[in-house]
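For reference, the structure discussed in these notes is given below.
Numbering (full-length UniProt numbering), first residue to last: 1 to 336.
Below is the structure:
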């Protein structure tokens, strides 16, 4: 049975008292407590999938005692090195990043606006092979509903994740919305950075774009989309100023390449403000970010520009990352 809980920061909320009690079941949830949860029919096949809803609740909800809320808050203070949070988990880069993290043994909290829209992601994870531990990847996947434009829903969604990967961005649906790049690429990202800073996560990986810090063509053409590169740069600056250990990933064009692109084009990594064009696949970027999450000392406080070329030699991503200089002198050592 899928487990589901609704939180309203900072306290846990139960369902509205107006709902009928006949449709409820009791499930053990966190610290041996028992909560009453509504039966959920969204994912009848996802028996081992956990779904959490941290979005703002409607009026009429009631709160449990503060002791339970405090227990969950204390748990979030202790980071799980094998737990990653992915924002924008249903997108082209985000969904692939979720799967690549699962392949590396991470437990993943997939941040989504709607659990219903995460069905495609869930089904793709179910098709993955058993890992070395003999467990199915879907057992390590949690679907988390939250709203990046509502600050108080973010921190509970992060939980005790040690690494946050931000894959959000204004897409084709926002092409006629002049506020899209500001709201999503900057403001929503800044909200996530703030929550991650308060939560003291160990590492933050941000997907940005070529051309954010230095004008160059053809990357600069993207600014015709309501100044998107300007807002992405402001998000980069917010991350750098946060003091969090970070990696900023600036990929080339990802619209045309398919997942098979890597079979003919090997990934390349360049230092910041040196690459202004080129292509790379969503899958290659996802593989890179999963590698960064696994090898944080190699990606500590770096800005990496990513492309892929036919003539580039095939080399381990760890080797490529090691050649990119860190922007901070301090050395980050992951907790054991």
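We put the CB at the ideal spot given by N, CA and C, even for glycine.
Just so it is clear, the structure is predicted and the values come from calculations on it, not from any experiment.
- For residue 121, the enclosing alpha helix (DSSP H) has its first and last residue at 119-126.
- Collapsing the DSSP output to three states places residue 261 in a helix.
- Ranked by Cα distance from residue 165, the first of 326, 289, 183 is 289.
- In this structure, residue 293 lies near residue 163, with their beta-carbon atoms less than 8 Å apart.
- Taken atom to atom, the span from the alpha-carbon of residue 193 to that of residue 204 is near 8 Å.
- In this structure, residue 155 and residue 198 form a Cβ contact; the two beta carbons are roughly 6 Å apart against a cut-off of 8 Å.
- Excluding its 5 nearest sequence neighbours in each direction, residue 273 has C-beta neighbours in its own chain below 6 Å: 213, 214, listed in chain order.
- DSSP lists 204 as the beta-bridge partner residues of residue 246.
- Straight-line spacing of the CA atoms in residue 257 and residue 278 works out to 11 Å.
- In the DSSP annotation of this structure, the continuous segment of the beta strand (DSSP E) that includes residue 266 starts and ends at 266-270.
- For residue 291, the enclosing alpha helix (DSSP H) stretches over residues 282-294.
- Residue 177 and residue 183 have their C-alpha atoms roughly 10 Å apart.
- The three-state reading of DSSP puts residue 81 in strand, counting E and B together.
- For residue 93, the enclosing alpha helix (DSSP H) starts and ends at 92-103.
- When the alpha-carbon of residue 244 is set against those of 191, 286, 196, 275, the nearest one is in 196.
- Residue 302 and residue 325 have their C-alpha atoms roughly 7 Å apart.
- Relative to residue 144, the option among 248, 79, 151, 159 whose CA is nearest is 159.
- Spanning the alpha carbons of residue 102 and residue 140 requires a straight line of approximately 7 Å.
- Residue 51 and residue 227 have their C-alpha atoms some 35 Å from each other.
- Residue 119 and residue 111 have their C-alpha atoms roughly 13 Å apart.
- By the Cβ neighbour-count rule, residue 236 is buried, with 16 or more other Cβ atoms within 10 Å of its own.
- The C-alpha of residue 188 is placed about 32 Å away from the C-alpha of residue 260.
- The same chain holds no residue with a CB closer than 6 Å to that of residue 131 once the five nearest residues on each side in sequence are set aside.
- At a Cβ-Cβ threshold of 8 Å, residue 80 and residue 105 do not count as neighbours.
- Residue 95 has its alpha-carbon roughly 23 Å from the corresponding atom of residue 151.
- Per the coordinates, the alpha-carbon of residue 126 lies some 17 Å from the alpha-carbon of residue 91.
- Taken atom to atom, the span from the alpha-carbon of residue 211 to that of residue 185 is near 14 Å.
- At a Cβ-Cβ threshold of 8 Å, residue 321 and residue 295 count as neighbours.
- With distances taken between CA atoms, residue 180 lies nearest to 230 out of 238, 275, 312, 230.
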